[in-house]
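Q: Whatever position you read off the sequence shown (first residue = 1), add 14 for my numbering.
Note that the Cβ used here is the ideal one computed from N, Cα and C, for glycine as well.
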Amino acid sequence: MSVVLCAAAVAGAVLAGGPAHAEPATDGEARRTAAPGWRLTDTGTDARFRGLAPVDARTAWAAGSKGTVLRTEDGGSTWRDVSPPGAGELEFRDVEAFDGRRAVVLAIGEGEASRVLRTEDGGVTWTESFRNTDPRAFYDCITFFDRRHGLAMSDPVDGRYRILSTADGGRSWTVLPDDGMPAALPGEAGFAASGQCLVSSGPKDVWLATGGGATARVLHSADRGLTWTATPTTIPAGDPARGVFALAFRDRRHGIAVGGDYRTGEPSPQAAAVTADGGQSWRQARTSPPAYRSGVAWLPHTRSAALAVGPTGTDLTLDGGRTWRTVDTGSFDTVDCTADGSCWASGEKGRVARLSWRP
Numbered sequence: 015m016s017v018v019l020c021a022a023a024v025a026g027a028v029l030a031g032g033p034a035h036a037e038p039a040t041d042g043e044a045r046r047t048a049a050p051g052w053r054l055t056d057t058g059t060d061a062r063f064r065g066l067a068p069v070d071a072r073t074a075w076a077a078g079s080k081g082t083v084l085r086t087e088d089g090g091s092t093w094r095d096v097s098p099p100g101a102g103e104l105e106f107r108d109v110e111a112f113d114g115r116r117a118v119v120l121a122i123g124e125g126e127a128s129r130v131l132r133t134e135d136g137g138v139t140w141t142e143s144f145r146n147t148d149p150r151a152f153y154d155c156i157t158f159f160d161r162r163h164g165l166a167m168s169d170p171v172d173g174r175y176r177i178l179s180t181a182d183g184g185r186s187w188t189v190l191p192d193d194g195m196p197a198a199l200p201g202e203a204g205f206a207a208s209g210q211c212l213v214s215s216g217p218k219d220v221w222l223a224t225g226g227g228a229t230a231r232v233l234h235s236a237d238r239g240l241t242w243t244a245t246p247t248t249i250p251a252g253d254p255a256r257g258v259f260a261l262a263f264r265d266r267r268h269g270i271a272v273g274g275d276y277r278t279g280e281p282s283p284q285a286a287a288v289t290a291d292g293g294q295s296w297r298q299a300r301t302s303p304p305a306y307r308s309g310v311a312w313l314p315h316t317r318s319a320a321l322a323v324g325p326t327g328t329d330l331t332l333d334g335g336r337t338w339r340t341v342d343t344g345s346f347d348t349v350d351c352t353a354d355g356s357c358w359a360s361g362e363k364g365r366v367a368r369l370s371w372r373p
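1) Check this for me: beta carbons of residue 62 and residue 79, under 7 Å apart or not?
2) Taking the beta strand (DSSP E) that residue 84 falls in, what are its first and last residues?
3) Assuming residue 286 and residue 338 are in contact, meaning their beta carbons sit under 8 Å apart, how far apart are those beta carbons, in whole angstroms?
4) Can you tell me whether residue 127 is helix, strand or coil according to DSSP?
5) What is the residue span of the beta strand (DSSP E) that residue 211 lies within?
6) Excluding the 5 residues preceding and the 5 following residue 101 in the sequence, name in chain order all residues of the same chain whose CB lies nearer than 6 Å to its CB.
7) Between residue 374 and residue 298, what straight-line distance do the alpha-carbon atoms span, to the nearest angstrom?
8) Checking the sheet assignment: what are the DSSP bridge partners for residue 246?
9) Could you tell me whether the Cβ atoms of residue 306 and residue 324 are closer together than 7 Å?
10) Along the chain, where does the beta strand (DSSP E) that runs through residue 312 open and close?
11) Measure the beta-carbon distance from residue 66 to residue 348 and round it to whole angstroms, keeping in mind my assumption that it falls under 8 Å.
12) For residue 321, which three-state DSSP category applies?
13) Please state the DSSP three-state secondary structure of residue 79.
14) Please go through the same chain and pick out, in chain order, the residues whose beta-carbon is closer than 7 Å to the beta-carbon of residue 294, but skip the five residues on each side of it.
15) Quick check on residue 366: does DSSP put it in helix, strand or coil?
16) I'd like to confirm the pairing. Which residues does DSSP put opposite residue 306 in its beta bridges?
17) Please classify residue 37 as buried or exposed, where buried requires at least 16 neighbouring CB atoms within 10 angstroms.
18) To which residues of the same chain is residue 76 closer than 6 Å at the C-beta, ignoring the five residues directly before and after it?
19) What does the Cβ neighbour count give for residue 241, buried or exposed, with the cut at 16 atoms within 10 Å?
20) Measuring CA to CA, which of 126, 232, 272 is closest to residue 291?
21) So for residue 298, helix, strand or coil by DSSP?
22) When DSSP labels each residue in this structure, what does residue 71 get in the three-state scheme?
23) Quick one, which of 271, 225, 264 has its alpha-carbon nearest residue 252's?
24) Is it true that the CB of residue 262 sits closer than 7 Å to the CB of residue 341?
25) Indicate whether residue 336 and residue 300 have their beta-carbon atoms separated by less than 7 Å.
26) May I ask which residues mark the beginning and end of the beta strand (DSSP E) holding residue 171?
27) Pick out whichever of 189, 363, 151 has its Cα sitting closest to the Cα of residue 125.
28) How big is the Cα-Cα spacing for residue 106 and residue 206?
29) Which residue marks the beginning of the beta strand (DSSP E) containing residue 238, and which one marks its end?
30) Suppose you measure from the CA of residue 188 to the CA of residue 69; what does that come to, to the nearest Å?
31) Below 8 Å on the Cβ atoms is my guess for residue 163 versus residue 180; work out the distance and round it to an integer in Å.
32) What residues are listed by DSSP as bridge partners for residue 118?
33) Residues in its own chain within less than 6 Å of residue 238 by CB, not counting five upstream and five downstream?
34) On a CA-only basis, which of 168, 184, 283, 204 is nearest residue 192? Give me that one, please.
35) Please classify residue 98 as buried or exposed, where buried requires at least 16 other C-beta atoms within 10 Å of its C-beta.
36) Taking all protein chains shown into account, do 16 or more other C-beta atoms lie within 10 angstroms of the C-beta of residue 90, making it buried, or fewer, making it exposed?
Here's what the structure looks like:
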């Protein structure tokens, strides 16, 4: 399906007003479809996948609880368990994949629970390239600018977020100096909910999402993490459970932030915000998602369409994040789309799905 037809199908879904359903789509499904929906795949596990890295329509990686890493090369029809040996006690919350053979996964937690592992053979073997030895650090997210340069972030240590840097594809890591990092607010931290609390766009720009403090902020660096500026958002904070949980930038200027209060049943008003100046300022969405959202992704090759996901559903925007409409009620933690036009989502109970289109 061409990305142009995909965008048209999404628009038709909203105009038609019909809900989407996670039912399998047939190979002969007409391309002129009316509604988007998630097509669940059979992963064969009940792990919770907060880490997701689709490469294209056929290849994707998922990383989650109980040290689980899965890989598919047939669009999700089958999944191969490529979990690192002995990793059962680790909580993988982020994965970044360069292709079907090379990927980097991040395990989160206090002290030595935070680790980075890398594979170059599709998960047949893994190498641990970083293990945190500072009991004060807790790593949340990882991102790559290209196949060589990447960053990982930790919650504040000595009052500032700690940033790891790699220039060799994740084979080795160095803690960056923190003299260019603004002071963290009291109680402020990142959320390891979807692998999207640290995101990049282009060769040098990177953004970091926060919550827990009096204000939910987004920090931006234009030099690969050496210096940062902090900007308040409109998403409510003031509680350890509230703030910005995920970011997505379609270029170095246009971005979306989503979040809320992750506690079940708690209201999450003003759960989305947008920026058109690279995060220097944020505007509240006119119509936000109806509940907490932990993941967000731009649809490929569109200027205004994006998806947000959370435990209570999936929302769609067609105007760059200003207004949102719920199109699915299934539970997902994270979402990501690829350059060839495919979108994937993952979450609890082994759920991994691909976006499909229904007449």
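A: Here's the rundown:
1) Sequence index remark: in the sequence shown, residue 62 carries index 48 (1-based). Sequence index remark: in the sequence shown, residue 79 carries index 65 (1-based). Yes; because the gap between Cβ atoms is below 7 Å, this pair is in contact.
2) Reading the sequence shown from its first residue, position 70 is the one you call residue 84. That run of the beta strand (DSSP E) goes 83-86.
3) Numbered from its first residue, the sequence shown carries residue 286 at position 272. Numbered from its first residue, the sequence shown carries residue 338 at position 324. Sure, about 6 Å apart at Cβ, within 8 Å.
4) Residue 127 sits at position 113 when you count from the first residue of the sequence shown. Reduced to three states, the DSSP call for residue 127 is helix.
5) Residue numbering aside, residue 211 sits at position 197 when the sequence shown is read from its first letter. Premise fails: residue 211 is in no beta strand (DSSP E) and is neither H nor E.
6) Residue mapping note: residue 101 aligns to position 87 of the sequence shown, counting from 1. Once the five neighbours on either side are set aside, the close Cβ partners of residue 101 are 81.
7) Residue numbering for the chain in the displayed model covers 15 to 373; residue 374 lies beyond these limits and cannot be assessed.
8) Locating residue 246 in the sequence shown gives position 232, where the first residue counts as 1. Answer is 231, bridged to residue 246.
9) Walking along the sequence shown from the start, residue 306 turns up at place 292. Walking along the sequence shown from the start, residue 324 turns up at place 310. Going by C-beta atoms, residue 306 is nearer than 7 Å to residue 324.
10) As a first step, residue 312 is located in the sequence shown; it is residue number 298 there, counting from the start. Note, residue 312: beta strand (DSSP E), 309-312.
11) As a working note, residue 66 is residue 52 in the sequence shown. As a working note, residue 348 is residue 334 in the sequence shown. Their Cβ separation, rounded to whole angstroms, is 5 Å, which keeps residue 66 and residue 348 in contact under 8 Å.
12) As a working mapping, residue 321 is identified with position 307 in the sequence shown. Residue state, collapsed to three classes: strand.
13) As a position in the sequence shown, residue 79 is number 65, starting the count at 1. It is helical.
14) By 1-based counting over the sequence shown, the position of residue 294 is 280. Taken in chain order, the residues that qualify are 245.
15) Within the sequence shown, numbered from 1, the residue matching residue 366 stands at position 352. DSSP places residue 366 in strand when its eight states are reduced to three.
16) Residue 306 sits at position 292 when you count from the first residue of the sequence shown. According to DSSP, residue 306 bridges with nothing at all.
17) Your numbering for residue 37 matches position 23 in the sequence shown. Note that residue 37 scores a pLDDT of 38, beneath 50, so its modelled location is shaky and nothing firm can be said.
18) Here the question's residue 76 lines up with position 62 in the sequence shown. Closer than 6 Å at Cβ, skipping near neighbours: 63, 66, 84, 360, 366.
19) Translated into the one-based positions of the sequence shown, residue 241 becomes position 227. Burial call: exposed.
20) Against the sequence shown, residue 291 aligns to sequence position 277. Nearest C-alpha to residue 291: 232.
21) Within the sequence shown, numbered from 1, the residue matching residue 298 stands at position 284. In the structure shown, residue 298 sits in a strand (DSSP, three-state: E or B).
22) The residue you call residue 71 lines up with position 57 of the sequence shown. In this structure, residue 71 counts as coil in the three-state DSSP scheme.
23) In the sequence shown, residue 252 corresponds to position 238, counting from 1. Among 271, 225, 264, the Cα nearest to that of residue 252 is on 225.
24) By 1-based counting over the sequence shown, the position of residue 341 is 327. By 1-based counting over the sequence shown, the position of residue 262 is 248. Not closer than 7 Å, so no.
25) Residue mapping note: residue 336 aligns to position 322 of the sequence shown, counting from 1. Residue mapping note: residue 300 aligns to position 286 of the sequence shown, counting from 1. Yes.
26) In the sequence shown, residue 171 corresponds to position 157, counting from 1. First-last of the beta strand (DSSP E) with residue 171: 164-171.
27) For this step, residue 125 is matched to residue 111 along the sequence shown. Of the candidates 189, 363, 151, the one whose C-alpha sits nearest the C-alpha of residue 125 is 151.
28) Here residue 106 refers to the residue found at position 92 when the sequence shown is read from its first residue. Here residue 206 refers to the residue found at position 192 when the sequence shown is read from its first residue. Using only the alpha carbons, I get a separation of about 10 Å.
29) If you number the sequence shown from 1, residue 238 lands on position 224. Per DSSP, residue 238 belongs to no beta strand (DSSP E) and is neither H nor E.
30) In the sequence shown, the residue the question calls residue 188 occupies position 174. In the sequence shown, the residue the question calls residue 69 occupies position 55. If I take the Cα positions, the gap works out to 27 Å.
31) Translated into the one-based positions of the sequence shown, residue 163 becomes position 149. Translated into the one-based positions of the sequence shown, residue 180 becomes position 166. The pair is a contact, with the Cβ atoms about 7 Å apart (cut-off 8 Å).
32) What you label residue 118 is simply residue 104 of the sequence shown in a count that begins at 1. In the DSSP output, where bridge partners are listed per residue, residue 118 has 110, 132.
33) Translated into positions along the sequence shown, residue 238 becomes position 224. Answer for residue 238: 218, listed in chain order.
34) Against the sequence shown, residue 192 aligns to sequence position 178. Ranking 168, 184, 283, 204 by Cα distance to residue 192 puts 168 first.
35) By one-based count along the sequence shown, residue 98 stands at place 84. By the 10 Å Cβ count, residue 98 comes out buried.
36) Position 76 of the sequence shown holds residue 90. With 16 or more Cβ atoms within 10 Å of its Cβ, residue 90 is classed as buried.
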